[in-house]
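Residues 3 to 170 in the numbering used here are what the sequence shown lists, from first letter to last. Built from N, CA and C at the ideal position, the CB exists for glycine as well. Structure first, commentary second.
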Amino acid sequence: MVLAAVIASLAAAVAIMYMATIDAWQMISHLGHYSSTTGEAKQILRTETVTHAVEIIDGYLLATVLIIFSLGLYELFISKIKEAEKSATASKILVIHSLDDLKNRLAKVVLMILIVKFFEYANKLPFDNATDLLYLAAGIALLGLALYLSHAAEHHPAGTDDKHDHHS
3 MVLAAVIASL
13 AAAVAIMYMA
23 TIDAWQMISH
33 LGHYSSTTGE
43 AKQILRTETV
53 THAVEIIDGY
63 LLATVLIIFS
73 LGLYELFISK
83 IKEAEKSATA
93 SKILVIHSLD
103 DLKNRLAKVV
113 LMILIVKFFE
123 YANKLPFDNA
133 TDLLYLAAGI
143 ALLGLALYLS
153 HAAEHHPAGT
163 DDKHDHHS
């Protein structure tokens with residue numbers, strides 16, 4: 003059953019990457035007349051293009067989650083991925099030793115998806131007053147805090163205490 007989950011997750015990742023790639027090509031094809039567009043039409047096209055680019059990034063990030071998940075399941079339950087462990091140049095993101103490793107890697111990519119979604123929604127919102135801008139600023143500050151905490155947790159794993167060295 004785990005192998006079925008691995009294969010299905012990889013197939014879903016390929017499908018989502020295909021969709022995001024088609025979306026990217028369609029977005030690029032609609033920009034051919036950007037230089038001849040003026041005024042308000044140019045601003046609308048720019049806003050739509052940024053929104054589409056964010057949606058494309060979201061698609062690629064979701065596909066990445068599925069790839070990490072499927073290869074993590076494979077490495078945990080079926081067999082180690084020797085190339086991921088031996089490679090000096092490849093990212094160690096696919097070296098999974100426990101379910102906690104898998105969850106941590108997935109959590110980071112999911113956080114990036116949430117950040118992309120936040121900016122996608124923020125791009126569509128009208129800002130009618132200073133309070134709206136304050137809410138946006140608070141949201142951005144919270145996203146920054148979430149990124150900071152995720153990186154801090156990476157350098158100081160739970161259960162370690164740098165202040166008290168028990169080996170001295």
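On a Cα-Cα basis, can you pick out the residue from Val111, Phe71, Ala124 and Ala139 that is closest to histidine 153? Within the sequence shown, numbered from 1, the residue matching residue 153 stands at position 151. Looking at the Cα atoms, Val111 is the closest of the given residues.
Given a threshold of 16 other Cβ atoms within 10 Å of its Cβ, counted over all protein chains shown, does alanine 109 qualify as buried or as exposed?
The sequence position of residue 109 within the sequence shown is 107, counting from 1. With fewer than 16 Cβ atoms within 10 Å of its Cβ, alanine 109 is classed as exposed.
| Nearest to tyrosine 62 by CA position, among Thr49, Ser100, Leu73 and Ala14, is which residue? | As a first step, residue 62 is located in the sequence shown; it is residue number 60 there, counting from the start. With distances taken between Cα atoms, tyrosine 62 lies closest to Ala14.
query = Anyone know if the C-beta pair for leucine 2 and isoleucine 18 falls short of 9 Å?
reply = Residue 2 lies beyond the stretch modelled for the chain, which goes from 3 to 170, so this question has no answer here.
Fill in: asparagine 125 beta carbon less than 9 Å from that of valine 16
Against the sequence shown, residue 16 aligns to sequence position 14. Against the sequence shown, residue 125 aligns to sequence position 123. No, the pair does not count as a contact, with Cβ atoms beyond the cut-off.
Take threonine 39 and list the residues in its own chain whose beta-carbon comes closer than 7 Å to its own, dropping the five residues that flank it on each side. The residue you call residue 39 lines up with position 37 of the sequence shown. If we look at threonine 39 and ignore the five residues flanking it on each side, its Cβ neighbours are Leu47.
**Prompt:** Cα separation between tryptophan 27 and leucine 73?
**Reply:** If you number the sequence shown from 1, residue 27 lands on position 25. If you number the sequence shown from 1, residue 73 lands on position 71. In a straight line, the C-alpha of tryptophan 27 is about 28 Å away from that of leucine 73.
Quiz item: With burial defined as no fewer than 16 other Cβ atoms inside 10 Å of the residue's Cβ, what is the status of glutamate 42: buried or exposed?
Solution: Working through the sequence shown from its first residue, we reach residue 42 at position 40. Result: exposed.
Do you know how far the Cα of proline 128 is from the Cα of aspartate 103? In the sequence shown, the residue the question calls residue 103 occupies position 101. In the sequence shown, the residue the question calls residue 128 occupies position 126. Each residue's alpha carbon lies about 40 Å from the other.
Practice task
Let me know the secondary structure DSSP gives phenylalanine 121 once reduced to three states.
Solution key: Translated into positions along the sequence shown, residue 121 becomes position 119. Helix, per DSSP.
Buried or exposed by the 16-neighbour rule on C-beta atoms within 10 Å, applied to threonine 49
For the purposes of this step, residue 49 is taken as residue 47 along the sequence shown, with counting starting at 1. When all chains shown are included, threonine 49 counts as exposed.
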